[in-house]
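Some notes on the structure that comes next.
There are 2 protein chains.
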Amino acid sequence: MQKKEEMCCEALEIHEELLKIVDDTMPEETELYDLAELFKVFGDSTRIRILFVLFEAEVCVCDLAQVLNMTQSAISHQLKILRQNRLVKSRREGKSIFYSLADDHVRTIIAQGREHIRED
Amino acid sequence: MQKKEEMCCEALEIHEELLKIVDDTMPEETELYDLAELFKVFGDSTRIRILFVLFEAEVCVCDLAQVLNMTQSAISHQLKILRQNRLVKSRREGKSIFYSLADDHVRTIIAQGREHIRED
DNA sequence: TAAATATATGAATAAATGTTCATATATAAG
DNA sequence: CTTATATATGAACATTTATTCATATATTTA
Chain A
44 MQKKEEMCCE ALEIHEELLK IVDDTMPEET ELYDLAELFK VFGDSTRIRI
94 LFVLFEAEVC VCDLAQVLNM TQSAISHQLK ILRQNRLVKS RREGKSIFYS
144 LADDHVRTII AQGREHIRED
Chain B
44 MQKKEEMCCE ALEIHEELLK IVDDTMPEET ELYDLAELFK VFGDSTRIRI
94 LFVLFEAEVC VCDLAQVLNM TQSAISHQLK ILRQNRLVKS RREGKSIFYS
144 LADDHVRTII AQGREHIRED
């Protein structure tokens, strides 16, 4: 018999079953961490703005900075985060480095987010 | 003629065109802010874990706390954020309050995130 | 080789965020 | 009406994070 402190809502059976289901379906600790890490990247309006620009064209750092009216340094720092999470890729052309979207998950994720906030 | 400081990458024409496109397609400031706000909610592994539990069942606060091995207070604080962003809804039943997913965007967004991190 | 341009990055600072602790609210039971 | 149970919440603290500033790296041009 369980101790009182370990019980909850007086619903012991449901609790046991829930534990089993969660144990079966909950992703590994590292995957949960990586998922949260990925969504953190989308959780900043500067990075969102960068992504919206890259939806339209391949753009160099200095154009991004000008279009978004931010310093080159701030943009570079954010591009590093986007790069590390494989949301964008880069390509050198002379002195400039051009950035573009890495894949289409970015578009899907942002599209779903927009749908959600539009539905109130 | 533009001043030198305002130029960039010596590619003036492309820059002008980019400005126009971005001006046409970039969402309003408030939408960008709301989007970032929404993704911030997904950017915490505790909230992600809560959502994974709610993928499987409607669960009361105290069961969530036990299953995730966290304090009731911590869970309640996070549920408030999930509620405020309409990712979960709640229903009272006696002394307990049961939480469930608000809609299916949550599943889609998380599924896309998982796909992204799995593709390296 | 030296100067100019484009980008990256480390350190510092200010702001945002998650958890804990104490406590408030709400419902049910005695 | 008093006590117990379930949940919510404000304040405090520690951690994370975005921007700025100064500077480093890399490429092109003179």
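Chains as they are written, first to last, in the working numbering: chain A, 44 to 163; chain B, 44 to 163. Every residue gets a Cβ at the ideal spot worked out from N, C-alpha and C, and that includes glycine.
Can the beta-carbon of SER143 of chain B be found less than 7 Å from the beta-carbon of ALA79 of chain A? Against the second sequence, residue 143 of chain B aligns to sequence position 100. Against the first sequence, residue 79 of chain A aligns to sequence position 36. The answer is no: Cβ separation not under 7 Å.
Which bits of chain B does LYS83 of chain A rub up against, with CB to CB less than 7 Å? In the first sequence, the residue the question calls residue 83 of chain A occupies position 40. GLY86, listed in chain order.
Using 7 Å as the limit for Cβ to Cβ distance, is GLU99 of chain B near chain A? Translated into positions along the second sequence, residue 99 of chain B becomes position 56. So, interface residue.
Going by beta-carbon coordinates alone, are PHE141 of chain A and ARG150 of chain A separated by less than 7 Å? Here residue 141 of chain A corresponds to residue number 98 of the first sequence, with the count starting at 1. Here residue 150 of chain A corresponds to residue number 107 of the first sequence, with the count starting at 1. No; because the gap between Cβ atoms is not below 7 Å, this pair is not in contact.
Measuring only the C-alpha atoms, how far is ARG161 of chain B from ALA154 of chain B? The sequence position of residue 161 of chain B within the second sequence is 118, counting from 1. The sequence position of residue 154 of chain B within the second sequence is 111, counting from 1. Answer to the nearest angstrom: the Cα atoms are 11 Å apart.
Who pairs with PHE141 of chain B in a beta bridge, going by DSSP? Position 98 of the second sequence, counting from 1, holds the residue named residue 141 of chain B. Beta-bridge pairing links PHE141 of chain B to B:CYS103, B:ARG134.
Measuring alpha carbon to alpha carbon, tell me which of A:GLU60, A:LEU130, A:CYS51 ends up nearest PHE98 of chain A. Working through the first sequence from its first residue, we reach residue 98 of chain A at position 55. Ranking the options by Cα distance to PHE98 of chain A, first place goes to A:LEU130.
Does ASN165 of chain A pass the burial test, meaning 16 or more other C-beta atoms within 10 Å, or should it be called exposed? Chain A is shown only over 44 to 163; residue 165 of chain A falls outside these bounds and no answer can be derived.
Going along chain B, which residues have a C-beta under 7 Å from THR151 of chain A? In the first sequence, counting from the first residue as 1, residue 151 of chain A sits at position 108. Simply GLN155.
For GLU56 of chain A, collect the residues of the same chain with a Cβ closer than 6 Å to its Cβ; drop the 5 residues on either side in sequence, then sort them by chain order. For the purposes of this step, residue 56 of chain A is identified with residue 13 of the first sequence, where counting begins at 1. Correct list: empty, nothing qualifies.
Any C-beta of chain A under 7 Å from that of PHE95 of chain B: Against the second sequence, residue 95 of chain B aligns to sequence position 52. Interface residue, yes.
According to DSSP, simplified to helix, strand and coil, what is ARG150 of chain A? As a position in the first sequence, residue 150 of chain A is number 107, starting the count at 1. It is helical.
Does HIS120 of chain A come within less than 7 Å of chain B when only Cβ atoms are used? Taking the first sequence and counting its residues from 1, the one referred to as residue 120 of chain A is at position 77. False, the Cβ-Cβ gap to chain B never drops below 7 Å.
Quick one: list the residues of chain B neighbouring LEU144 of chain A, beta-carbon separation under 9 Å, in chain order. Within the first sequence, the letter at position 101 stands for residue 144 of chain A. Those within 9 Å of LEU144 of chain A in chain B number zero; the least Cβ separation is about 12 Å.
Who are the near neighbours of GLY156 of chain B in its chain, counting only those whose CB is closer than 8 Å to its CB and skipping five residues on each side? Mapped onto the second sequence, residue 156 of chain B falls at position 113. Within the same chain, GLY156 of chain B has close Cβ partners PHE85.
What residues in its chain sit with their C-beta under 8 Å from that of GLN121 of chain B, if we drop five residues either side in the sequence? Along the second sequence, read from residue 1 onward, the residue named residue 121 of chain B stands at position 78. Here the set comprises ASP87, THR89, ARG90, ILE93.
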